[in-house]
Structure formats: C-alpha cells, structure tokens
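*Asks:* Residue numbers (the working numbering), protein chains in the order written: chain A, -2 to 241; chain B, -2 to 241; chain C, -2 to 241; chain D, -2 to 241; chain E, -2 to 241; chain F, -2 to 241. Mind looking over this structure? Questions follow.
Structure below.
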C-alpha cells in the first residue's frame, strides 16, 4: 500500500457515484485522500429518459450531456480524477481489454479502499455485473504474475454503496459515515444531474434518514453524535484491527 | 458512554470467554480497558465430562473446580472483574431476576463494546439463548424508564465471538484482531482449563489460522501485517465512522 | 371470513402502528374496513425518553401521556377500535392469559388481514417477540378445539410493517400501498406523537421515498402511477388468486 | 402498458412452459389475455432421452419432433403466439443478437407480466441462465435510448414458475393460482409431450398438491376455496396496490 | 452408542409421524431397528376439525379418538414403542418436567438417529417449537453431569421430516430414502387417520413425487434406481464417514 | 455408472486439489478408486508469488515449476491420472472447446463423485467460476443428444472442498471424512508445494481441527471415533439411500 491515501470508486453509469457515494468522496478528499472515479458508461441509453424524450435526440448528444453533468458533479465533490470507459450501457459490454484497463487503473491508484455496486440487482443487471467484474479485476491486480514489474495490489476493502431499493438488492449496510460536513458539496453535485431531477429529493431524504441511523447506532439518546447526513456502505471483506 | 474505556464479555459457561475471546480481553486490558466477564454458569453439567468420569463426583465439587479454573484464567488474562451468576447449565435458567441483574451490570460497566456467543448453535442451545438474552438486556439497559436515575446505556457494539464449529453456527467474522502481543497470556489462560485439555491444541490452531486470515486481509503478500495469532468476531450492529 | 371487511394491527408499543401502518389504516377505513388496533404496551419505559428526562416523572404519568397520544393518533386515522393490553414494555411480558385474550380479539374481529412487526430486530426484542406471539395466536384462533363454539379463524395474511432500520431487520417489502389520498391523516397522526418529534421528519421521508418505489414498480417513466406517498409491507403467507 | 392484456412466457426448452405454467397460460387466455410463449431451444439434446434411445436418431428429427409436441401443447392451451429461437440447448448459447431479438419481442408484446425459470438450478444451468438473461432483456426494454422510437417497456412483474425439485432450487412460491377451470386443457397439453411420459403423473400430482396449498392459504377448513388444481409462482418484484 | 439399532421420532401431534416419517419407521423396523415414537400431544385442539364439527364433542373424546388412530397407525408401521406425553396442543406447553422426561426417553433409547419437525413453520408454531425443544433435550442428554450414572448420549443425527408446505418452511431435503418396499404399510397407516382423510391423497402424491426425486438423484435415465415411493429428510448435523 | 469405482477432482489452479482434497484422493485410491485430477491452470500468475519475486522469472518457467510440483503431489497421493488444461489463470478463460473437453473427461471417467470449489469466493473468482463451469459440464454430460453414442453420465454427487476462509465463502461442510490413515501421504503432498510453504502449517491445522469436528460429530466423549485428521465437504445434491 502506498503512503499516499487514495480511493477508487467504480460506477456503472455516469451518475451512480454521485447519489451513492458523493459524501464519501468529498469527505475523503477533505481528509487528504486522492479519490479516483471510473464511470464504465455514461448511462446514455438506460438512465437518460428525460433527454430521449426530446425530439431529434442522438446517442452522441446524450453522451456528451451526461459526461458534462458527471464532470460538473465530480468538480463539486473535489474528485481527484474521473475517467470514462465508455463501454456502452444496458448492457455494459465487458471485454478482456476492459479488464486489463481497469486492472491498470487499480494498480496505478493503489487504493486504500474501493467502492462499487450491490451484489444483486434484478432491476439493473449492469450494477451487479459491475461488482462481479470489479472483484475479478481486484484479484488480477493482486497477481504477481500479471504484468510482472508493476506494483502488486494489497487487499483493499471493497465497499458496496447504497442501491436504489436496498431491500430488493439484498444490501445491508455495516458502516455509516457521517457526511454532515460535506453535505453542501454532495447536494451541489446532486443538482448537477439535471436529467434526473426526480431523484434530488429522494437522495436528500436518504441522507437525512441515514443520519438518523448514524445517531441511533452511535448512542441514540444517550450520547449519540448529532450527525445530520450520512451514507451507508456494506463491506465485502473482514477488517483487520488492533483494537475493537 | 463513560470516559473510562470498558468492555463486557458474557459467557454462557465458565470456559467460553477463554477459548473465544481470551486474546481480545488481554489485549484490551493492555490498551487500558477495564474488561468485565460474566459467566452465567460454571458449565458444571455439560462441559465437565472429565471430572464426572471420576467416581464419587458431586455437583459442588465440579462447580468449585470449574470456578477455580475460570478465576485462574481470568487472572492470566488480566481480567478487571469476573462475576459468576451460577444459573445452572444445560439448560441455563433465565429468569426476570437474572435479567435485572445483568442489566444492572451492563449499566454499571457502561461498556464500549460487549461480547457474546453466535446467534445459532444447534449443538448447544445455551449459547444461542445467551445471545438472545443479551440482546434483550441491552435493550432494557437503554430504556430511560427502567430504573430511572441510573445512567442509561448508549449503543455499544455486540461482537459474537468464535463458536466451536463456525460453519454449522452460521457465524461469519467481519473483523480480525491481531492478538500476537498477548498470545502468551491467552495460551496461559487456556492451560488453566485443566478439564478440557483436548481443546488446547484446537484453539491454538484456531489462533494460528486466524493469524493467517489477518495477514491475508491486511494485504497478503503485498504488505500484509505479519500477525501470528488472531481472533475473529462478528458484529451485530453497523459501525459509525468519520473515515472509512 | 365475515362479510364485513375488517383488519387487525398488533403494535408492540403505543406508537408503532402510527409510523409503520398509519397510512394503511386510514386508507382501509376509507375503503370501508373496520380496523382494530391492539397496543400491547404504552412503550412507557423504552420509548418515552423525552418524558423521563423531565424531573419527577412517574410510570403512571408516562403511561397516561402515551395513551393519550395513541388515542389521538387513532382518532386522526379513523381507527375503528383501539385496545391497550398494558403488558409492560422492555420487555413485554407474554403470559397464557394474554395469549387467550389476543386469540379472543382475533376471533371477534375475524380480520381479512393482520399486521405486525418484522421477524427480526436485534435492537428491540419486543418487536420480534410480538410477531412470534402473533403467529402463535393466529394458529390457536384457527384451532376448532380451542373454545369450541366460537367462530374459527380462516387464513388471513400477516403483513409485517416497516421497521426502523429495514436492512438490519432482514425485512423486505413485497407490496407497496399508495397512501397519497390519506397522507394528511397520517401526518396528523404522526404529529400526535409529541414525545417523539425527532421521528416526524424521518417517517415523512420514508413515505416520500416509498412513493418513489411505488412509482418505479408500477411502471417507472413508462406509465408508472404518480403516487407521492406509500407504505411497504412484507407478506408472511402466499396469496391465493384467480388472475395474476 | 398497452390496453390489451398480454403476457409473455420465456421457456428454456420446448416443454418447460407446459409443466410449469400451462395452467396460468390457459387461464389467462380465458380471461382475455394474449399469451406469447418463447422457447429458447427445443431441449433437443438434453431433454429428449427417449428419442435418442432410438437407433439412427438425428438432431433434426429430434428438433422437429419436439417442435411438433410444443406446438400441439400450445394449441391445447390456446396460446396466442409461440416462437422458437432455436439457440441450441445444453448449454443455451446467448448472443448479443439473441438479446436484441428477445428485447424486440418484449417490446412488441408489452406484457402485463412475464414468466421464466427459478433463479438457481444446479441440475440445469440453462434454466438459471435463462432467468438472468430475461432480467437483462427486461432492463434493456425499459431503456429509452435503446432503439429510440419503439414503445418503452413499463415494469411488468416477473414470475418464476415451478422448477422440478423446488427445495433444491431455492424457489419459494408467494402466490397460488387456481387453475381448476382449465385443468383439462393443461392435462391435454401435458399429454402432448409424448417423449416425457414419465412426467405426466408427476405434474398431475404437483397440480393436485398445489390445490391443497391453495385451499390451506385461502382459509383452510374455515372458508377456504375448494380449488382442486393450482400452480405456484415466485414474484421477483414488489407489487403496487390500492388495497391490501 | 448401543449395539442395538434404535431410532427415536418426536412428533408434535399424534399424526405427524405418519405422514412425514411413516416410511422411514416401517423400513428401519424391517432393517432390524427398534423405533420409538413420542407424540407430545394428540393434536386434539388444532388438528381434529372433523371431530369438532360433530355436535356435543368433548376434549376427552377427541383425545381418545386421536390416540386410537395413532396407535393403529403405529401398529401398521410395526413401531417398537409409542409414548404419548399429552402436553396439550395449540400451543404445546413445554415445562422443565417435560424436558427431563424427554431426556430420559432419549437416554433410554440411545437412538442412532432422531427425527422431528422443520426448524421454521409460521403456520404452526408447535412444530418449530418442538424442534427447538428436541435440540435442547439432545444437548442435555449429552451432559455427563445430568443424572450422573445414566448412560450419556453420543451424537445422533437429527433428521427433519417433511413439513406440509416445504418451501414456506425453509426446509430442504438432503437425503431421499427409498420406501417402496414398505409403501403398503405406510398407506395402511395413513388410512388409520380417519379424521384427516383429506390428506391421504396429498401424502400419497408426495411419496410418488419424492420417488421421482430419488430416481433423478440416483442416476436419472442413466442408471437411476426405479424407486416408486420415497421420503425426504433434512439433516441438522454433518455426517462422519470413511468413504464418500 | 460403471462398475469400476472412480472419482474426478476439478481444481482451478495446480495446488488446490492438494490442500483441499488430498486426503480424500489418497483415501479413495486406497479404497480401490481410480481418482482423476484435472487442473484447469497452473496458478502461474496468481498463486506463484514466491517464484515471481525471483529476478528474471518468465511465465514458462513458472508453469513448468508449478506443473512439477503438482505432479509430485499427485504421485504422493497415488492419483490415478492428472491432466493439465492450461487455460491460463487470473482469470481462467472458459471457452466452448474447454467445455467439450471437460465433458469428454467426465464421460470417460464416469465418476461416482466429483469435487470442486465453493460456490462463492469474492477473493478469487476463478474458484467460483470453476464450480459454475463444472455444473454446466455435468449437465451436458448427462444429455443423451450430446455426442450420441458416448456413455451418458448418471448423477454423481458434486462435493465442494474446503476453501481458504470458509465463512467468507458461504461454505458449510455436511460431511467429514476421516483421513487419519492417509495423513502421511497428504502431508507429503503438501510438502511438494515448495512455492507455498507458508500454507503447510495452515492446512495441517485445518486437518487436525477437522479431526476434532469428526470426533465431535461421531459421538464426542461418548463413543466418538478417535479420528486425528479429517477433511470436510459440502454436498450440492441430495443423497439417495436405503437406510439412514
């Protein structure tokens, strides 16, 4: 693991990192991390209904608009680096080349932790396929015989960020992160997603209610921290500690 | 939560805290915690086969012997306080009075974290009944209307320590604790359990192999810490953090 | 099953039926159902922190205050009948007499459906114990040999209403109910719970976000109904239908 | 969603729709639905043992025989339309072209509900791969940017029909459909599957016993409907309703 | 373990052992086992609807009738010994005395294997409570300090026999037993249950279809045994073997 | 099924069969089985860190070294036949040709049982992909229309051997095999894996502790067999038996 504190967020579509991990990104940037975001696609076909309802719309125009939104949101969150793989969405098309490309990014970043989608999503197979793909790439990045000479990956945690309908996705958060101090940044990033205004209030509610969960789990009415906004994550791997 | 760092371990039978959490106890004592152990029974009927095979054995003699062993082990681990509830084992007999008694202990200790058994154990219903009982007592200790005036409990984590056959108990560790620096104390405590010598090597193997798991999850061959002994725990509640 | 449309909601503590099923209650009253609510306790010890923080508070005063709140909320929801079993909370004390009493209520009401808590709740064992108790009483109410001569219960669905932290409770909704037309009643009932003002906004957010889930599952941006508020429920038993 | 009531059944092999959903098909046809069946393969290699035991058998002869059986069964069930994708079986070969083809069918049919196999089947990976494929195609059919101009899909339920050994497939029915009034049609369709006569009695038993489950869940001996034959289904998505 | 081959079946209500394990009982008797059956109740209140529908019925008459049926069935199955604990049903009333009584039976029988109900049954809490009770008694029977001097129990398998609606009970069979050679005995025993004639055909269908599962898992169309009737069981504990 | 007793072990990487099934292999050879091992890869990239840390290392040298180790281990275990598919690892590259090749091996061997990896492994997707691939090939080998004329496969059990961190892999053993009499062979095979010396003690500990589990489940202190070394396996399919 490098001395530089780094993190890597892999987002199936352009907007996912905003709704689901925007607070974590802004907060860790503030804590001195360099956070890299990889968007595998722009969500151009599946998550751009508002644009497609305009007459004469083309794939290129949608992709450009979505990219701009994502870049604006990344800026609002102080993202260190954002990369667009442009794989096409609905479905994402994973190839051996894409695999090598993501492994290269992982090894270059040497993240202390990684983030991606829930393991299961019957509404959106792109999401769960992304996570399976990320696990495969993490494994390859750890292989001493893959591109010998490159710095081999350690064992960063993979956090699964919050999906849309948590209970349907078999997603269970085991850690809540207080994002109160960067909430303004997250809200600003959310408002960059002009094509999905119907979700602004939804994810504000989520942040408020996760704040309630944070308070409850940090002591409730007997000493709980007054977090007002939070994000939840599910860990894939066990932690290793010196003190519980 | 009090400023004093404290922890509370609830053990169904006299020896459970040794095999399953001895390292965590000794380590947190060393880190400045006061660790209290409650043994609900001596395991006098169900976990003292070696004694019962001696002719003329009586329940009192078994209980005394088991208590002495547990006290010796506690001393080896630098336990701050050990309490014996003497409920009788196989099965444990939980009453309303016992419930109040454990709630009093919880409120007196004000633990930063608690520990007990796995949620499921078809071999030993005492174990799983203990955990359900502990959850109930934790809830009561949080109630402002229970013995008003007492200091109300916050929201300490409940860690489930390692059961005998982990896979049969639906137990999955999500945190590994490096106990290398206190291994000698744990081994000494283990050797206090004279009636269960057949388990000494078993739990030494467990500690070594959990050390391997610690190394694997802390970076493996690319920077993993060289932990030689570890213990694993399953968390019941989500964590609340400021940084992932 | 009687010709009269009826439903029965069993609530561990006085306020549970408001947060978790207030919309369903008001809506079914409007649809011509008689909805009966049973509160097993007032939540006097465990869910009345605000009152207990006042000096000189007594159990009786708390119970009276909580009862008044619950009655007001019931009125706001047009509840047909509300009954208080006053079992004491944290923990609820289930006896054979209580069992017979609830069976009598079930048989008297002959509900088309019943509602209660999630099956699992490590934060609050009262909740999960209530559901286990309800399943037992439902079984007894179906027994021809229990109080022969009484009208025997059919096979009403048992819906589990939404717990506080859904993912920690292993709760998964399989049906969303549009409560938009009675939202004002639910909000009014929520505001009756003066001792838990910290939850008003929380459950308003829940209702809004379940509205989003309703829209998504009823067709999304291609024909989904514009529900603004909804409640989710998990069914215990299979449905029996003539058309899918 | 179109005004026309429609449904779509996707069957991995030629006979699956008969054993598993024949009653639902005939019943919904009778209720005014247009039910389309897609057979991804003829089950020519894996589910035609009886034919292959004849000497001199060829793949073409088997496919033709299986197709004829399936068409006869479809006729017996009043199927509106049956399509054969002829992908080859054991294993099914899913390509990008097949995906587009199924998406086209889904969009053309605009089904109120869809049906396919259980999520898990260690005996027959074709079955579970089909369901994953169906989920992917359902997602694509909902994407406004996929073939813009086509009518976009809403959010139809996906029902998983009954697999062969239900408990091994992690399949749990949450709805039972009374098929008594069309049982004769289902039995006639079953008898069209001449190559699998060893299953006729098996699926008749299933229908009778699901009838028993229907009776039990609709009220048992206190008002349960006297359904004699039924089929069970597992829903993937939550329902959205106005009344429970 | 004794040299005598023995088995012990614990049945919540009088008829359960017939429907669910009648074949296993008759077969093992034929194989030289002494099979003991314990009926915790007669199912007098909850499973005797047909009798209660007669006018003037009393609890005593129902119990006598149910006992006679169970004894007749036991005779048809060549049961070695049948014991009635008469605890009352709906719900079963488990006391410390009952526990000791069952432990005594277990130790007297020294079974090579035990049988009881599924772990989960939301329709009938007597069933799942029985299994939890059996696990507790098995544990006590293994305790050297419980009634020292008695022969201590080894580690017999606990098989969970088939519940009524398997998928709703989270029951998954891992072993199928060919009962073809004793089917006539099981059918004769079934016909002894005069009050539940509506279940005769149901459990005959179950036996036939489990026969199909036996054939499928023993080799299918490539060498599977031609079992015509079978029963399925779920094992609680791992097996210990010398050859796979 | 052939009269010859045979078994087939499919190992993702060269060493897996040694750590996870070495005892079962040696024991069944001793019992008269012909055990065939297929290594899909040499683990050349992902499981050969020690070699890659040497300067000037090449893929060919690593593969040769790993092959030699595996052949030596196979010899130590008396393996009947070992085949190397050389698919490349991290990730394994499964093609239609590979599928046909494995099906041919399965049909040629006609195994009484098969062995492979756990169903889930977030650390190593090669492992879980192998098992899914094995299930697919088993299905094809059973198809009468696949290469008609070849001997069709029956229904051999698929055992999942022990993964590295069992609890993280959702692996639960349901059978323990006493390997005491061949432990020397397994230890000798383990010592052939010179590149992974850090695992020798780990898997010796595993074998000792599984011996403890064997003793516990075969009767414990009341008649349990004194197995000193054991291996655990999880069965995918139900067993079919004549006696429990």
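Note that beta-carbon positions come from the ideal geometry of N, C-alpha and C, so glycine has one too. These numbers come from a predicted model, not from an experiment.
Starting from residue 215 of chain E, find everything on chain F with Cβ-Cβ shorter than 7 Å and list it in chain order.
*Replies:* Start at 1 with the first residue of the fifth chain, and residue 215 of chain E comes out as number 218. Neighbours of residue 215 of chain E on chain F, chain order: 152, 237.
*Asks:* Could you give the C-beta distance for residue 104 of chain E and residue 148 of chain E, rounded to a whole number, given that I count them as a contact under 8 Å?
*Replies:* Within the fifth chain, residue 104 of chain E is the residue found at index 107, counting from 1. Within the fifth chain, residue 148 of chain E is the residue found at index 151, counting from 1. The pair is a contact, with the Cβ atoms about 6 Å apart (cut-off 8 Å).
*Asks:* Answer yes or no: does any C-beta atom of chain B fall closer than 8 Å to that of residue 70 of chain F?
*Replies:* Locating residue 70 of chain F in the sixth chain gives position 73, where the first residue counts as 1. So, not an interface residue.
*Asks:* Of all Cβ atoms in chain E, is any one closer than 8 Å to the Cβ of residue 199 of chain D?
*Replies:* Reading the fourth chain from its first residue, position 202 is the one you call residue 199 of chain D. So, interface residue.
*Asks:* Assuming residue 271 of chain B and residue 171 of chain B form a contact by the criterion Cβ under 8 Å, report the distance between their Cβ atoms to the nearest whole angstrom.
*Replies:* Because residue 271 of chain B is not part of the residues shown, which for chain B are -2 to 241, the question remains open.
*Asks:* Under the three-state reduction of DSSP, which class applies to residue 14 of chain A: helix, strand or coil?
*Replies:* Locating residue 14 of chain A in the first chain gives position 17, where the first residue counts as 1. Here residue 14 of chain A sits in helix by DSSP.
*Asks:* Step through the CB atoms of chain D and report whether any lies within less than 8 Å of the CB of residue 206 of chain E.
*Replies:* Residue 206 of chain E sits at position 209 when you count from the first residue of the fifth chain. Yes, residue 206 of chain E counts as interfacial toward chain D.
*Asks:* Using three-state DSSP, classify residue 19 of chain E as helix, strand or coil.
*Replies:* Counted from its first residue, the fifth chain places residue 19 of chain E at position 22. Residue 19 of chain E falls in the helix class under three-state DSSP.
*Asks:* Below 8 Å between beta carbons: does that hold for residue 45 of chain D and residue 83 of chain D?
*Replies:* Stepping through the fourth chain from its first residue, residue 45 of chain D is reached at position 48. Stepping through the fourth chain from its first residue, residue 83 of chain D is reached at position 86. No; because the gap between Cβ atoms is not below 8 Å, this pair is not in contact.
*Asks:* Would residue 140 of chain F be called buried (16 or more neighbouring beta carbons within 10 Å of its own) or exposed?
*Replies:* As a working mapping, residue 140 of chain F is identified with position 143 in the sixth chain. Classification for residue 140 of chain F: buried.
*Asks:* Quick one: which chain F residues come within Cβ less than 9 Å of residue 174 of chain E?
*Replies:* Within the fifth chain, numbered from 1, the residue matching residue 174 of chain E stands at position 177. Correct list: 237, 238, 239, 240, 241.
*Asks:* When you compare only the Cα positions, how much space is there between residue 69 of chain C and residue 193 of chain C?
*Replies:* Numbered from its first residue, the third chain carries residue 69 of chain C at position 72. Numbered from its first residue, the third chain carries residue 193 of chain C at position 196. Distance between the alpha carbons of residue 69 of chain C and residue 193 of chain C is about 14 Å.
*Asks:* Check this for me: beta carbons of residue 125 of chain E and residue 156 of chain E, under 8 Å apart or not?
*Replies:* Working through the fifth chain from its first residue, we reach residue 125 of chain E at position 128. Working through the fifth chain from its first residue, we reach residue 156 of chain E at position 159. Cβ atoms of residue 125 of chain E and residue 156 of chain E: not closer than 8 Å.
*Asks:* Would you say residue 67 of chain D faces chain F, with C-beta separation under 8 Å as the test?
*Replies:* Sequence index remark: in the fourth chain, residue 67 of chain D carries index 70 (1-based). So no, residue 67 of chain D is outside the interface.
*Asks:* Can you list, in chain order, the residues of the region 119 to 138 of chain F whose Cβ is nearer than 8 Å to any Cβ on chain D?
*Replies:* If the cut-off is 8 Å between Cβ atoms, the region 119 to 138 of chain F has 129, 132, 133, 136, 137 near chain D.
*Asks:* Pull up the distance between the alpha-carbon of residue 229 of chain D and that of residue 168 of chain D, whole angstroms please.
*Replies:* Counting from 1 along the fourth chain, the entry for residue 229 of chain D is found at position 232. Counting from 1 along the fourth chain, the entry for residue 168 of chain D is found at position 171. C-alpha separation (whole angstroms): 10 Å.
*Asks:* CB residue 226 of chain C to CB residue 163 of chain C, shorter than 8 Å?
*Replies:* Position 229 of the third chain holds residue 226 of chain C. Position 166 of the third chain holds residue 163 of chain C. No, the pair does not count as a contact, with Cβ atoms beyond the cut-off.
*Asks:* How many angstroms separate the CA atom of residue 238 of chain A from the CA atom of residue 211 of chain B?
*Replies:* In the first chain, counting from the first residue as 1, residue 238 of chain A sits at position 241. In the second chain, counting from the first residue as 1, residue 211 of chain B sits at position 214. Distance between the alpha carbons of residue 238 of chain A and residue 211 of chain B: 9 Å.
*Asks:* Would you say residue 115 of chain B and residue 145 of chain B are within 8 Å of each other, going by their C-beta atoms?
*Replies:* Against the second chain, residue 115 of chain B aligns to sequence position 118. Against the second chain, residue 145 of chain B aligns to sequence position 148. The answer is no: Cβ separation not under 8 Å.
*Asks:* Residues in its own chain within less than 8 Å of residue 66 of chain E by CB, not counting five upstream and five downstream?
*Replies:* As a position in the fifth chain, residue 66 of chain E is number 69, starting the count at 1. Excluding positions up to five away in sequence, the list reads 11, 12, 189, 190, 191, 192.
*Asks:* Secondary structure at residue 184 of chain B, three-state DSSP: helix, strand or coil?
*Replies:* Taking the second chain and counting its residues from 1, the one referred to as residue 184 of chain B is at position 187. Of the three classes helix, strand and coil, the one that applies to residue 184 of chain B here is helix, per DSSP.
*Asks:* Comparing alpha-carbon positions, which option in E:100, E:90, E:101 lies nearest residue 96 of chain C?
*Replies:* Counting from 1 along the third chain, the entry for residue 96 of chain C is found at position 99. For the residues E:100, E:90, E:101, the minimum Cα distance to residue 96 of chain C belongs to E:90.
*Asks:* Short of 8 Å Cβ to Cβ, which residues in the region 11 to 26 of chain D face chain C?
*Replies:* Against chain C - using a Cβ distance shorter than 8 Å - the residues of the region 11 to 26 of chain D are 21, 24, 25.
*Asks:* When you compare the region 195 to 215 of chain A with the region 51 to 65 of chain B, are there three or more beta-carbon pairs, one atom per stretch, that lie closer than 8 Å?
*Replies:* Taking 8 Å as the limit for Cβ pairs, the verdict is that the region 51 to 65 of chain B does not touch the region 195 to 215 of chain A.
*Asks:* Looking at C-beta atoms only, is the number of pairs between the region 199 to 206 of chain D and the region 27 to 35 of chain D that lie closer than 8 Å three or more?
*Replies:* No, the region 199 to 206 of chain D is not in contact with the region 27 to 35 of chain D.
*Asks:* Can you tell me which of the three DSSP states residue 55 of chain A falls into?
*Replies:* Taking the first residue of the first chain as 1, we reach residue 55 of chain A at position 58. Here residue 55 of chain A sits in coil by DSSP.
*Asks:* Once you ignore the five residues that flank residue 87 of chain D on each side, which residues in its own chain have a CB closer than 7 Å to its CB?
*Replies:* The sequence position of residue 87 of chain D within the fourth chain is 90, counting from 1. Contacts found: 42, 43, 123.
*Asks:* Over what stretch of residues does the alpha helix (DSSP H) that includes residue 208 of chain D continue unbroken?
*Replies:* Locating residue 208 of chain D in the fourth chain gives position 211, counting from the first residue. Start and end: 197 to 214.
*Asks:* Alpha carbons only, please: which of B:81, B:18, B:36, B:236 is nearest the one belonging to residue 165 of chain C?
*Replies:* As a first step, residue 165 of chain C is located in the third chain; it is residue number 168 there, counting from the start. It is B:236 whose Cα lies nearest to the Cα of residue 165 of chain C.
*Asks:* Using the beta-carbon count (16 or more within 10 Å), is residue 93 of chain A buried or exposed?
*Replies:* Residue mapping note: residue 93 of chain A aligns to position 96 of the first chain, counting from 1. The residue is exposed, with fewer than 16 neighbouring Cβ atoms inside 10 Å.
*Asks:* For residue 35 of chain E and residue 0 of chain E, what's the separation of their Cα atoms in angstroms?
*Replies:* Translated into positions along the fifth chain, residue 35 of chain E becomes position 38. Translated into positions along the fifth chain, residue 0 of chain E becomes position 3. Each residue's alpha carbon lies about 22 Å from the other.
*Asks:* On the premise that residue 24 of chain E lies in contact with residue 131 of chain E, defined as a C-beta separation below 8 Å, what is that separation, rounded to the nearest angstrom?
*Replies:* The sequence position of residue 131 of chain E within the fifth chain is 134, counting from 1. The sequence position of residue 24 of chain E within the fifth chain is 27, counting from 1. That belief does not hold up - the Cβ atoms of residue 131 of chain E and residue 24 of chain E are roughly 21 Å apart, past 8 Å.
*Asks:* Cβ closer than 8 Å: which chain F residues qualify as neighbours of residue 88 of chain D?
*Replies:* Against the fourth chain, residue 88 of chain D aligns to sequence position 91. Those are 96, 133, 136, 137, listed as they occur along chain F.
*Asks:* Determine, using beta carbons only, whether residue 110 of chain D and residue 4 of chain D come nearer to each other than 8 Å.
*Replies:* By 1-based counting over the fourth chain, the position of residue 110 of chain D is 113. By 1-based counting over the fourth chain, the position of residue 4 of chain D is 7. In contact: residue 110 of chain D and residue 4 of chain D (Cβ atoms closer than 8 Å).
*Asks:* In the DSSP assignment, what residue or residues form a beta bridge with residue 229 of chain E?
*Replies:* Counting from 1 along the fifth chain, the entry for residue 229 of chain E is found at position 232. Per DSSP, E:173.
*Asks:* Leaving out five residues before and five after residue 143 of chain D in sequence, what residues of the same chain have Cβ atoms less than 6 Å from its Cβ?
*Replies:* Your numbering for residue 143 of chain D matches position 146 in the fourth chain. So the list reads 137, once near-sequence residues are dropped.
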